[in-house]
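>
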Amino acid sequence: MDPNIRRYLSNIGRVGGSRSKRKLDPVTARNMVKIREARRAFRNFYASCFWSFDPHYSITLEDVPWVAEQLMKNGGHAAWKVGERLCR
-3 MDPNIRRYLS
7 NIGRVGGSRS
17 KRKLDPVTAR
27 NMVKIREARR
37 AFRNFYASCF
47 WSFDPHYSIT
57 LEDVPWVAEQ
67 LMKNGGHAAW
77 KVGERLCR
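Numbering follows my numbering, with no gaps: position 20 of the sequence shown is 16.
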């Protein structure tokens, strides 16, 4: 293996295991997790709950309650559980 490539891979391997240096307050961190989970739910349950909406719609923090409502109203048991978790 080329020594430059070996050095590069060694360097990024060290960085990958280190903790994030980002400083977030707990509220912002929780909101980021909610948005990520809502986007994942929108993608995973698109066919059963969100089929009439734009598949490329970008979910924001203001959309999280709407996503939870659609999951609980139009989805099955698994979707309802995800919607319940988003309401917390």
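Heads up, the beta-carbon is just placed ideally off N, CA and C, and yes, glycines get one too.
Is it true that the CB of A37 sits closer than 9 Å to the CB of L57?
The residue labelled residue 57 in the question sits at position 61 within the sequence shown. The residue labelled residue 37 in the question sits at position 41 within the sequence shown. Cβ atoms of L57 and A37: not closer than 9 Å.
> Tell me where the alpha helix (DSSP H) around L67 begins and ends.
Taking the first residue of the sequence shown as 1, we reach residue 67 at position 71. L67 -> alpha helix (DSSP H) spans V60 to N70.
> Have a look at R32, N70, H52 and S44 and flag the residue whose alpha-carbon is nearest the alpha-carbon of V60.
As a first step, residue 60 must be located in the sequence shown, where it is residue number 64. Out of R32, N70, H52 and S44, R32 has the C-alpha closest to the C-alpha of V60.
> Using a Cβ-Cβ cut-off of 8 Å (strictly less than) and excluding sequence neighbours within five positions of E65, which residues of its own chain qualify?
Here residue 65 refers to the residue found at position 69 of the sequence shown. Spatial neighbours of E65 in its own chain (CB-CB distance under 8 Å, excluding positions within 5 residues in sequence) are listed in chain order as G79.
> How is P22 classed by DSSP in three states: helix, strand or coil?
Walking along the sequence shown from the start, residue 22 turns up at place 26. Here P22 sits in helix by DSSP.
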